[in-house]
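Below is one structure, written out as structure tokens; the observations come after it.
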Amino acid sequence: MTIDDNSHFRFPPKKLKPEQVIVFNAITYSVDICEITFDRLKSELIKFSENPSSKNENYPKIFADVWTIISNATIFLNLIVRHFDLEENEEHLSELKKAKKLRNSFQHIDERISEVLTLNDLPMYGSLSWTRNIPETNKFQQFMLYSGVFTNHKVNVGGQMITPKIEIGIEQIEEIIFESVTKKNKTEYPQVTVSIKKLILDIQNWIAHFEKQISEQLEQYGKMERHNTNLFFQINGHRK
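Heads up: the sequence shown begins at 0 in numbering that gives the first Met the number 0, then just goes up one per residue.
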């Protein structure tokens with residue numbers, strides 16, 4: 000995990016204000032959820048690559064993971080912009096901002112079905128494409144998933160295939176691109192494309208950046224007491 004077991008995000012110092020502690024906790028959960036879901040998504044894409052099929056629950060599972068990442072990446076963006084005084088035009092926020100556009104548009108999906116279907120070839124839940132390097136070979140596979148039924152597609156379907164790199168990558172899943180539609184106004188529905196892999200990498204880089212800043216600021220206090228986290232209770236019972 001990017002946020003390690005000794006991180007100030009995971010175990011905030013008791014000297015912090017209560018609001019700061021809550022923010023650290025929210026950041027930790029949004030990042031953990033993104034990373035856990037990303038690992039699960041890669042596993043699902045590998046399984047699909049090895050045995051492609053559109054008959055089972057694999058499509059909803061894959062797109063559920065994508066939208067979970069999009070949603071929690073947006074939560075992460077909102078938190079760091081508000082509480083770390085970042086500039087709105089910060090270039091390393093670009094992928095996160097695209098994720099936010101998709102999340103905000105997705106929240107109003109029920110209001111826009113009739114509008115978008117008449118104007119756009121992209122499915123409401125988006126399209127996903129990836130490149131897979133086949134282990135121990137120089138071969139690769141390219142995939143594009145289109146979520147749902149075909150409606151207004153007279154020529155082709157929305158979505159794109161990823162252009163594979165010339166060199167052989169070290170990871171099985173080389174790239175993951177998600178594309179969906181957003182709403183600009185009553186007549187414009189621009190497509191937004193997000194690299195899921197870059198989204199995760201940007202989150203990890205931001206955490207590393209903040210960890211360094213926080214550690215430097217807290218060094219002056221020496222060793223500090225930390226808050227506990229993830230409390231649970233268990234009660235064992237017995238029925239006659």
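We put the CB at the ideal spot given by N, CA and C, even for glycine.
Contact between the stretch 219-236 and the stretch 8-22 is present: three or more C-beta pairs spanning the two stretches fall below 8 Å.
Judged by DSSP in its simplified three-state form, R131 adopts strand. Residue range 17-49 is occupied by the alpha helix (DSSP H) that includes T36. V20 is the residue among L230, I176, V20 whose C-alpha sits nearest the C-alpha of H82. Of all alpha-carbon atoms in I61, I169, E135, the one lying nearest the alpha-carbon of S126 is that of I61.
As the crow flies, the alpha-carbon of S93 is around 20 Å from that of S128. Sorting K239, R238, N184, N229 by C-alpha distance to the C-alpha of Y28 places N229 at the top.
Each of I172, A98, L198, F231 was checked against the Cα of K138, and the nearest Cα belongs to I172. As DSSP reads the structure, M143 sits in a beta bridge with S128. Using a Cβ distance threshold of 7 Å, F177 and V193 count as a contacting pair.
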